[in-house]
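Undergrad: When we follow our numbering, the leftmost residue of the sequence shown carries the number 19, and every step to the right adds one. Let me give you the structure first, and then I'll get to my questions.
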Amino acid sequence: MVMTALERVPPQNLEAEQAILGSLMVERDLVPVISEIVEKADFYAPHHATVYDAIISLYERGEPVDKVSVTEELRRRRLLEEVGGADFVSQLLNTVPTAASAEYYARVVAEKSILRSLITAGGRIATIGFEQPENVDDVVDRCEQMIFDIGRRSAGGFTLVRDLLKTAFERIDTLYHQKGTVTGVPSGFARLDQFTTGFQPGELIIIAARPSMGKTSLCLNMAMNAAKDAGKHVAVFSLEMSNDQLVQRFLSMEARIDAQALRTGNIKDKEWGEITRAMGVLAEVPVYVDDSAALTVGEVRSRSRRLAATTGLDLVIIDYLQLLRSTNARTTNRVEIIDEICRSLKALAKELRVPVIALAQLNRSPESRNDKRPMLSDLRESGGIEQEADVVAFIYRDEYYNPPTPENENIAEINIAKQRNGPTGLVQLRFDKRYTSFADLETQRTEP
């Protein structure tokens, strides 16, 4: 006889549940170990959960955990008959001759609980779908979050420092033999990477500037450097430029052909070979671009998760932060919206263990000063940007405001104004407007 969906028994292992309870009464010291793996809600049988809760309470009060104490605790709670009486407690001891396999039983029970959670989440997702909500993108993000939360259930908890030392030593040893080279995702700019040692997993990096300073160009250069030179998988969310415009930028950078010439088709015969070569290079780099306009931060998270699951993901770039929409419909306050977006991007970086670079537009404050170099206070609309960011860097090109001189011509200053885990300071790069490209300077010019 074939069982229907309604007749199916949810995943469970009653024998393993009983073995856990018996093991804990045999070996009281296993309680803290097992309680890190399973909790009361993981038991399928309610009476097993009741006994487990009694055992945990006894242990937390510093009392013995054995047949007599557990029976008495259940009697005190007036739950002894409900679980099957004193005979049932005695039978639990007979299920295990030794407590040696208790951790194995606990992991079996935890896995069955996760499977039941997936079934429950599936039912909730189906219900949401039948309700036909208006904001489908928000629903997709919520549903994905349900699944991710289940998958991350066992990821938390304390770790003894002693258990981390071996991994820490191996990392230090590796860095020693690398002689201080880049440890994170490289920007491709040597002096900048000296400051940051690369963009680290879990970091939120804010790169801010006034319009026309080269924010988009810098981030596209970083994306290409990381992908082409280090083989990193990079996602670029472009809320301002189309995919066609992005590809033209990439071609201009790689082929070293004037960006304006590419836009107008005013290309010299000898340049076609460089375009063909550049296309061959770009066809091999793992850079993924998304030019969807007015994305919500939830959509960015959802699409990043999918890319990470399907191809792998090492770096996320967003151009730019203030163009993202919030998934929080309860507020129209711009400060609160930007704060929420920054928190969500930081959470994304930690969740996927990748650096997230978000470009940000500065307010007009620098324009009112004699020295128009930006400062942290210039970040538009929200102190939350500075608060959540691990790194804040500003782009400034003096020749945009002042006549060209040998000191400022084709120079872009990258001011690392904040770095949670490293030094701050100034890096100068060469900026070539023709190719919208940045490059290392052989010699840093006089700093302001």
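Beta carbons are placed, not taken as given, at the ideal position from N, Cα and C, and that holds for glycine.
So within the region 75–162, which uninterrupted alpha helix (DSSP H) runs reach at least 4 residues, ignoring any that extend past its ends?
TA: Counting whole runs of 4 or more residues, the region 75–162 contains the alpha helix (DSSP H) stretches 85–94, 98–101, 103–112 and 120–148.
Undergrad: Identify which residue in E81, A128, S75 and D47 has its Cα closest to the Cα of L32.
TA: Answer by Cα proximity: A128.
Undergrad: Pick out whichever of T68, R79, G80 and E78 has its Cα sitting closest to the Cα of T1.
TA: Here the chain comprises residues numbered 19 to 466, so residue 1 is not present and cannot be evaluated.
Undergrad: In terms of residues, what are the limits of the beta strand (DSSP E) holding Q446?
TA: Here the beta strand (DSSP E) through Q446 covers G443 to D450.
Undergrad: What distance in whole Å lies between the Cβ atoms of H251 and T329, which are believed to be in contact at a cut-off of 8 Å?
TA: Right, their Cβ atoms sit about 6 Å apart.
Undergrad: Grab me the residues of Q218's own chain with a C-beta within less than 7 Å of its C-beta, minus the 5 sequence neighbours each way, in chain order.
TA: Around Q218: G202 and P373.
Undergrad: What do you get for I336, buried or exposed, if any count of 16 or more other CB atoms within 10 angstroms of its CB means buried?
TA: It is buried - the Cβ of I336 has at least 16 other Cβ atoms within 10 Å.
Undergrad: Would you decide whether V20 is buried or exposed? Buried here means 16 or more other CB atoms lie within 10 Å of its CB.
TA: Unreliable positioning characterises V20 in this predicted model, as indicated by a pLDDT of 48, which lies under 50. The coordinate reading is nonetheless provided below. V20 should be labelled exposed.
Undergrad: Quick one: residues in its chain with C-beta nearer than 6 Å to the C-beta of K436, no 5 flanking neighbours on either side, listed in chain order?
TA: The residues are V410.
Undergrad: How would you label D416, buried or exposed, when you count the other beta carbons within 10 angstroms and need 16 or more for buried?
TA: Answer is buried; the Cβ neighbour count reaches 16.
Undergrad: Near E326, what residues of its chain come up, given a Cβ to Cβ distance below 7 Å and the 5 sequence neighbours on each side ignored?
TA: Here residue 326 turns out to be Ala, not Glu, going by the sequence shown. Same-chain partners within the cutoff: L370.
Undergrad: Quick one: using the 10 Å Cβ neighbour count with 16 as the cut-off for buried, is N284 buried or exposed?
TA: Flag for N284 reads exposed.
Undergrad: Given R267, which residues of its chain have a CB within under 6 Å of its CB, disregarding the five upstream and five downstream residues?
TA: Correct list, in chain order: L238 and T454.
Undergrad: Measuring straight from C-alpha to C-alpha, what distance separates I429 and Q379?
TA: Their backbone Cα atoms lie some 20 Å apart in a straight line.
Undergrad: Grab me the residues of R281's own chain with a C-beta within less than 8 Å of its C-beta, minus the 5 sequence neighbours each way, in chain order.
TA: Cβ within range, chain order: Q266.
Undergrad: To the nearest angstrom, how far is the alpha carbon of C360 from that of K390?
TA: The alpha-carbon atoms of C360 and K390 are separated by roughly 26 Å.
Undergrad: Check each candidate in L459, L210, E221 and I143 and name the one with the smallest Cα separation from A407.
TA: Here the closest residue by C-alpha is E221.
Undergrad: Return the CA-CA distance between L459 and Q446, expressed in angstroms with no decimal places.
TA: If you take the alpha carbons of L459 and Q446, they lie about 7 Å apart.
Undergrad: Between L257 and A301, which are expected to be in contact by the criterion C-beta below 8 Å, what is the C-beta distance as a whole number of angstroms?
TA: Not a contact, Cβ separation roughly 25 Å.
Undergrad: Taking the CB atoms as reference points, tell me whether I413 and M259 lie closer together than 7 Å.
TA: No, Cβ-Cβ distance for I413 and M259 is not below 7 Å.
Undergrad: Rounded to whole angstroms, how far is the Cβ of V487 from the Cβ of V44, which I believe are closer than 8 Å?
TA: With the chain covering only 19 through 466, there is no way to say anything about residue 487.
Undergrad: Pop quiz: S131 and D60 are said to be a contact at Cβ under 8 Å. What is the actual Cβ separation, rounded to whole angstroms?
TA: The Cβ separation is near 4 Å, so the contact holds.
Undergrad: Using only CA atoms, which one of A227, L39 and G40 lies nearest to L394?
TA: Out of A227, L39 and G40, A227 has the C-alpha closest to the C-alpha of L394.
Undergrad: Identify every residue that forms a DSSP beta bridge with A411.
TA: DSSP lists I225 and I434 as partners of A411.
Undergrad: Can you grab the Cα-Cα spacing for the pair L397 / E431, in whole Å?
TA: In a straight line, the C-alpha of L397 is about 17 Å away from that of E431.
Undergrad: Enumerated in chain order, which unbroken segments of the beta strand (DSSP E) with a length of 3 residues or greater are wholly contained in the region 220–274?
TA: Segments of the beta strand (DSSP E) lying fully in the region 220–274: 222–227 and 252–256.
Undergrad: What residues in its chain sit with their C-beta under 6 Å from that of V303, if we drop five residues either side in the sequence?
TA: Result list for V303: A245 and K246, in chain order.
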